[in-house]
């Protein structure tokens, strides 16, 4: 068990609270290994990670306890829309299909250009608040910077958008939507989507990439701004996790094992946070997921949740019926070779 104390109070008081929590919460665990380290900057928050083997299964649990109160703070698993935390700047031209979706001239969400050249795939919760007012949206391509946009950027207005009919705003199930642009974007390469036939294959343990504009750091106190927003497109590598383990981390509050979600995380302070949903989760350059939601901000307790693309390819195609084909990629699906290392 690793402890990181962020407090100006006496460490002995914190240690007593941790000991009490440990006895109460882990009295029935199979085995637990402990390593202790203490560091004390000026803040009133204790964050510690518990790596435990429970019922012979590897399990990660992270708990926040404040040393300010006599009782631990109650925990929540409120799910937020997401932004990149940490990571590195994306190179110009590396992700030409990445879309920047603006609402009333302010950046709102990410998305990806589909092979029709006329449609953008994004998250449903990015579109739901607009109440069908497509005229509020503007979509930009071929830019890695938001303000000012790259000189050679492409701008498109939006004529309509469609939200998946089974979208659930509480559980974030079926969190995807398709935007129809005012005219096709034929100058750039669209995203390659995971094929339907790949939808039953497992990505667990594979490295993936998330891209988006957003906060570059997390903060630990809710009263403080949740980090500076990035003006540059960023990328971060994450690891795909087993959805059964992910469900446990979310206390089984969300349906994650139906094959329509992907869980991903990194335990090194680089992941996703509030604000930049709708962008892609990529494996070997193929979009396998849509950035949907996460609890916290680069918080290893709660991995990021992505909508898996494969199960929805047929629905996405239906939304594009009658659209011209983009000459870059007539077939927008790719079957991933999961055995390739």
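Numbering (my numbering), first residue to last: 4 to 344.
A virtual CB, placed ideally from N, CA and C, is assigned to each residue, including glycine.
If you follow the beta strand (DSSP E) that residue i is part of, which residue opens it and which one closes it?
i           : result
residue 117 : No beta strand (DSSP E) holds residue 117; DSSP gives it neither H nor E.
residue 125 : 122-125
residue 319 : Not the beta strand (DSSP E): residue 319 falls in the alpha helix (DSSP H), residues 316-322.
residue 139 : Taken as a continuous stretch (DSSP letters only), residue 139 belongs to no beta strand (DSSP E), as it is neither H nor E.
residue 291 : 289-296
residue 106 : 101-106
residue 267 : 264-268
My guess is that residue i and residue j are in contact by the Cβ rule of under 8 Å, so how many angstroms apart are they, rounded?
i           : j           : result
residue 236 : residue 214 : 6 Å
residue 285 : residue 268 : 16 Å between Cβ atoms; not a contact.
residue 180 : residue 93  : Contact doesn't hold; Cβ gap of about 24 Å is too wide.
residue 102 : residue 123 : 5 Å
residue 198 : residue 291 : Actually they are not in contact, since the Cβ atoms of residue 198 and residue 291 sit about 10 Å apart, beyond 8 Å.
residue 148 : residue 159 : Not really, about 18 Å apart at Cβ, beyond 8 Å.
residue 212 : residue 240 : 6 Å
residue 258 : residue 174 : 6 Å
residue 194 : residue 308 : Not quite, the Cβ-Cβ distance comes to about 19 Å (not below 8 Å), so this is no contact.
residue 190 : residue 157 : 7 Å
residue 202 : residue 311 : 7 Å
residue 250 : residue 242 : Incorrect: roughly 17 Å between the Cβ atoms, too far for contact.
Kindly indicate which residue of the options has the alpha-carbon position closest to the one of residue i.
i           : options               : result
residue 294 : 279, 108, 183 and 247 : 279
residue 161 : 172, 184 and 204      : 184
residue 182 : 201, 166 and 95       : 166
residue 263 : 209, 247, 211 and 251 : 247
residue 314 : 99, 97, 178 and 210   : 178
residue 188 : 100, 311, 201 and 234 : 100
residue 146 : 168, 114, 134 and 176 : 114
residue 98  : 136, 199 and 216      : 216
residue 138 : 104, 95, 163 and 109  : 163
residue 304 : 317, 253, 322 and 290 : 253
residue 121 : 239, 186, 130 and 290 : 186
residue 128 : 190, 104 and 251      : 104
residue 170 : 131, 259 and 151      : 131
residue 136 : 106, 249 and 119      : 106
residue 108 : 172, 282, 151 and 91  : 151
residue 322 : 111, 91, 112 and 118  : 118
residue 287 : 91, 196, 200 and 324  : 196
residue 172 : 320, 296, 318 and 306 : 296
residue 2   : 168, 192, 176 and 133 : Residue 2 falls outside the range modelled here, since the chain spans only 4 to 344, and no answer is possible.
residue 110 : 207, 176 and 234      : 234
residue 319 : 306, 168 and 238      : 168
Identify whether residue i lies in helix, strand or coil by the three-state DSSP scheme.
i           : result
residue 92  : strand
residue 233 : coil
residue 308 : strand
residue 284 : strand
residue 313 : helix
Starting from residue i and walking both ways along the alpha helix (DSSP H), at which residues does that stretch end?
i           : result
residue 247 : 246-252
Quick one: does the C-beta of residue i sit closer than 8 Å to a heavy atom of the ligand HEM?
i           : result
residue 164 : As far as ligands go, the structure on display features none, and thus does not contain the ligand HEM.
- Scan the stretch 148-211 and note each continuous alpha helix (DSSP H) run of 4 residues or more that stays entirely inside, going in chain order. none
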